[in-house]
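Written below as structure tokens is the structure these notes are about.
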Ligand code: ADP
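In UniProt numbering, the protein residues as written are 1 to 293.
Okay, structure coming up:
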């Protein structure tokens, strides 16, 4: 509950938190958020910090997944969340749940999302706070965030309310990202994600060759496949442009903190998953889990 209240407070008074985070982070954040207000005089940052943050030993992992649309953040974040027993929280899913509801926000969100634009920090933080509150009420500890933070301001707000242990930055060449987004399908009944694209991109102009098998649905999902309204080529290209403008600076924010783990996807899940587990030192964890299954 406390984390949720802090997140809501931080969103409401973004300036104070931003300035506090900036004091800790040094000059990079200052360059990226010139509009933030200065911290109030006498703000007891260090004391408040000690009181409110749980040490990593007292809780589960708090990780963030970054990467362009279509890179596979959701796929790898949800696999890791099952392996580590922590919730996978994707802000894109929270937005789509809201879109599917009859709530007052739905129409406003549809217009923004279908153009590939970012939802306002205020709305996204409200949705995330609600999700965290629900989790805290159910005794959840730790998280893997996917799709948040997407702007430096969101990263500063998050930084002001909790500690992020590690940030995994998934990377893939842009032509492949577009193909993958266009191949995405969702089962309208079970909600699972699939991909009908068979990627076979040649290595050229310094780009690595990439082969990715399609991720086809089982027979019972086949006739219920739908495509996201924001996965048209025009909107995907707009989302990639917005990612480069708004979200790529978030990589710099975490690189400066020494928390960024860069991971170039070597191919599809069969090639990438074992390599990712290796760089995360989690191979033993998976063996234990498989042995227990
Ligand atoms: P992507 O495939 O681009 O990674 P997501 O499923 O993460 O897509 O998000 C879908 C849409 O939801 C985004 O294009 C954006 O409109 C909105 N959205 C999700 N997360 C955020 C965020 N942290 N800040 C602003 N908008 C967001």
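The C-beta atom is built at its ideal place from N, Cα and C for all residues, glycine as well.
On the DSSP letters alone, give me the boundaries of the alpha helix (DSSP H) that residue i sits inside.
i, result
"residue 173", "That residue, residue 173, is in no alpha helix (DSSP H); it is neither H nor E in DSSP."
"residue 235", "233-242"
"residue 248", "248-256"
"residue 279", "269-279"
"residue 284", "283-292"
"residue 220", "219-222"
Is it buried or exposed for residue i, if we count other Cβ within 10 angstroms and need 16 for buried?
i, result
"residue 212", "buried"
"residue 16", "Below a pLDDT of 50, predicted positions are generally treated as unreliable, and residue 16, at 36, falls in that range; no measurement from the model is reported."
"residue 150", "buried"
"residue 288", "exposed"
"residue 41", "Its pLDDT being 31, under 50, residue 41 is placed unreliably by the model, and nothing is read from it."
"residue 279", "exposed"
"residue 159", "buried"
"residue 283", "exposed"
"residue 189", "exposed"
"residue 116", "buried"
"residue 360", "Because residue 360 is not part of the residues shown, which for the chain are 1 to 293, the question remains open."
"residue 241", "exposed"
"residue 210", "buried"
"residue 153", "buried"
"residue 220", "exposed"
"residue 206", "exposed"
"residue 98", "buried"
"residue 82", "exposed"
For chain B, is any of its Cβ atoms less than 7 Å away from the one on residue i?
i, result
"residue 81", "Absent here is chain B; the protein component of the structure consists of one chain."
I'd like the span of the beta strand (DSSP E) that includes residue i, first residue to last.
i, result
"residue 201", "199-201"
"residue 84", "Not the beta strand (DSSP E): residue 84 falls in the alpha helix (DSSP H), residues 73-84."
"residue 264", "260-264"
"residue 64", "62-66"
Segment contact flag, the region 114-125 with the region 169-188, C-beta cutoff 8 Å, min 3 pairs:
In short, these stretches do not touch, since the Cβ pair count stays below three.
Which parts of the region 134-196 are runs of the beta strand (DSSP E), unbroken and 3 residues or longer, counting only runs that do not cross its ends?
Counting only runs of 3 or more residues that sit fully inside the region 134-196, the beta strand (DSSP E) segments are 143-146, 166-171, 184-187, 193-195, in chain order.
Does the region 60-80 come close enough to the region 103-113 to have 3 or more Cβ pairs within less than 8 Å?
Flag = no, the region 60-80 and the region 103-113 do not touch.
Should the region 197-217 be regarded as contacting the region 235-250, the criterion being three or more beta carbon pairs within less than 8 Å?
Because the criterion of three Cβ pairs below 8 Å is not met, the region 197-217 and the region 235-250 do not touch.
What are the complete alpha helix (DSSP H) segments, minimum 4 residues, inside the region 91-122?
Positions of the alpha helix (DSSP H) runs, each at least 4 residues long and wholly inside the region 91-122, are given as 91-100, 106-114 in order along the chain.
Taking three-plus beta-carbon pairs below 8 Å as touching, is the region 168-178 in contact with the region 230-240?
Three or more beta-carbon pairs drawn from the region 168-178 and the region 230-240 are found closer than 8 Å, and the two stretches are therefore classed as touching.
Given 8 Å as the limit, is there contact between the region 74-88 and the region 124-144, that is, 3 or more CB pairs closer than that?
Result yes; three or more Cβ-Cβ pairs closer than 8 Å.
Say whether the region 264-271 touches the region 165-172, bearing in mind that this needs 3 or more beta-carbon pairs closer than 8 Å, one atom from each stretch.
Taking 8 Å as the limit for Cβ pairs, the verdict is that the region 165-172 does touch the region 264-271.
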